[in-house]
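Undergrad: Residue numbers (the numbering used here): 42 to 204.
1) Here's the rule: buried if 16 or more other CB atoms are within 10 angstroms of the residue's CB, otherwise exposed. What is residue 161?
2) Looking at the strands, I want to know which residues DSSP matches up with residue 151.
3) Can you grab the Cα-Cα spacing for the pair residue 61 / residue 182, in whole Å?
4) DSSP puts residue 115 in a beta bridge; with which residues?
5) Alpha carbon to alpha carbon, how far is residue 149 from residue 99?
6) Is the stretch 174 to 192 in contact with the stretch 103 to 120, if contact means three or more CB pairs nearer than 8 Å?
7) Given residue 94, which residues of its chain have a CB within under 6 Å of its CB, disregarding the five upstream and five downstream residues?
8) Residues bridged to residue 32 by DSSP?
9) In the DSSP output, what is residue 169 paired with across the bridge?
10) Identify whether residue 97 lies in helix, strand or coil by the three-state DSSP scheme.
11) By Cβ distance, which residues of its chain are closer than 6 Å to residue 202, with the 5 residues on each side in sequence left out?
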């Protein structure tokens with residue numbers, strides 16, 4: 042006895058969902074009137090030259106936004122001297138040293154961070170960045186992070202310039 046054969050159906054004639062060729066997918070074979078607008082511009086993909094951005098400002102302890110991703114700011118800052126002791130209640134902070142040597146003081150210890158190294162300060166940890174000579178850093182932190190954390194002082198940046 043031979044096995045029954047299946048006749049092709051209309052659905053088997055359709056291209057698979059992963060097929061990039063756009064064809065009529067309507068069950069009736071009629072053209073769809075639900076066209077998707079193509080007027081939306083694709084997101085821009087641009088590279089950022091950190092040296093060029095750093096050349097645009099000279100003030101210390103005044104972070105500049107150079108990128109945004111997933112609710113995070115990518116910030117550049119020039120540091121000189123001691124900052125204020127502070128902590129961030131809800132955010133971690135990452136400092137990537139690009140130039141100079143950063144001394145990160147915490148109540149229980151001090152860590153020296155060299156160019157090409159980074160340090161992550163967990164939320165709630167009281168810290169104070171210190172730069173004996175000018176230091177350039179790249180910071181990754183949530184967009185809402187206040188640079189002085191739980192402390193308000195003359196260097197608190199309520200808004201940050203975008204470069």
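Cβ atoms here follow ideal geometry from the backbone N, Cα and C, with glycine treated the same way.
TA: With the structure as the only source:
1) Residue 161 should be labelled exposed.
2) Paired residues: 146.
3) Summary for residue 61: the model assigns pLDDT 45, below 50, so the residue's position carries little reliability; its value from the coordinates is reported in the next sentence. Taking the Cα positions, residue 61 is about 38 Å away from residue 182.
4) For residue 115, which the question treats as bridged, DSSP gives the partners 108 and 181.
5) Taking the straight line from one Cα to the other gives about 32 Å.
6) Contact between the stretch 174 to 192 and the stretch 103 to 120 is present, because at least three Cβ pairs lie under 8 Å.
7) By the criterion of a C-beta distance shorter than 6 Å, residue 94 is surrounded in its chain by 107, 117 and 204, once the five residues flanking it on both sides are discounted.
8) Beyond the ends of the chain as shown, which are 42 and 204, falls residue 32; an answer cannot be given.
9) Answer is 146, bridged to residue 169.
10) Coil at residue 97, not helix or strand.
11) Spatial neighbours of residue 202 in its own chain (CB-CB distance under 6 Å, excluding positions within 5 residues in sequence) are listed in chain order as 105.
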